[in-house]
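Notes for the one structure printed next.
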Amino acid sequence: LACAAAGAKAVRCTESEATALRQLEINVKDTDIQVEKLVWLDLPEDLPKFQVLLGADVVHDTWMAAALLRTLRRSLAPTSGRAVLVMPAAYHRFGVEEFQQLLQEERASRECAEFRLLGHWFPF
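Structural data, given as structure tokens:
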């Protein structure tokens with residue numbers, strides 16, 4: 016809602032869990048915001064590329080770390096795509112530490128990246 020209110024050209028919200036998806040639809044009723052089901056372990060072949068991805072508290076189990084990174088790789092626009100993720104400190108959520116490690120490995124393994132994943136961690 017904040018992105019739409021700030022003037023974003025298009026806003027798409029995704030969720031994998033049915034109850035949360037229904038709540039999203041209620042929250043954005045009477046707006047132009049799109050709501051879609053997106054399962055990280057079963058990404059569609061035609062997954063669009065985005066300039067900006069925003070996420071908050073999206074990792075809360077260890078399996079989610081690799082699935083989120085794969086989703087970001089597939090859905091960020093090459094060279095210009097950016098993801099802004101806000102997550103609790105690792106001691107609050109399973110999987111956050113694994114995601115941090117994967118990001119470090121990703122940065123270390125790419126000298127000329129097709130896209131950039133930057134990880135800045137501020138525990139709270």
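My numbering numbers the first residue of the sequence shown as 16 and each following residue consecutively.
Built from N, CA and C at the ideal position, the CB exists for glycine as well.
>> Could you tell me which whole beta strand (DSSP E) segments of length 3 or greater appear in the stretch 21-63?
In response: The stretch 21-63 contains these whole beta strand (DSSP E) runs: 27-30 and 49-52.
>> Helix, strand or coil for phenylalanine 114? Go by DSSP, reduced to three states.
In response: DSSP places phenylalanine 114 in helix when its eight states are reduced to three.
> Roughly how many angstroms separate the alpha carbons of tryptophan 78 and glycine 110, rounded to a whole number?
Replying inline: The straight-line gap from Cα to Cα measures roughly 7 Å.
>> Beta-carbon within less than 7 Å of leucine 100's beta-carbon, same chain only, minus the 5 sequence neighbours each way: which residues are those?
In response: So the qualifying residues of the chain are Gly70 and Val73.
> Can the beta-carbon of isoleucine 41 be found closer than 9 Å to that of arginine 27?
Replying inline: By the CB criterion at 9 Å, isoleucine 41 and arginine 27 fall outside the cutoff.
>> When you compare the stretch 76-90 with the stretch 30-41, are there three or more beta-carbon pairs, one atom per stretch, that lie closer than 8 Å?
In response: Touching, no.
>> Quick test of the definition: if touching needs 3 or more C-beta pairs under 8 Å, does the stretch 61-68 touch the stretch 30-37?
In response: Too few Cβ pairs lie closer than 8 Å, so no.
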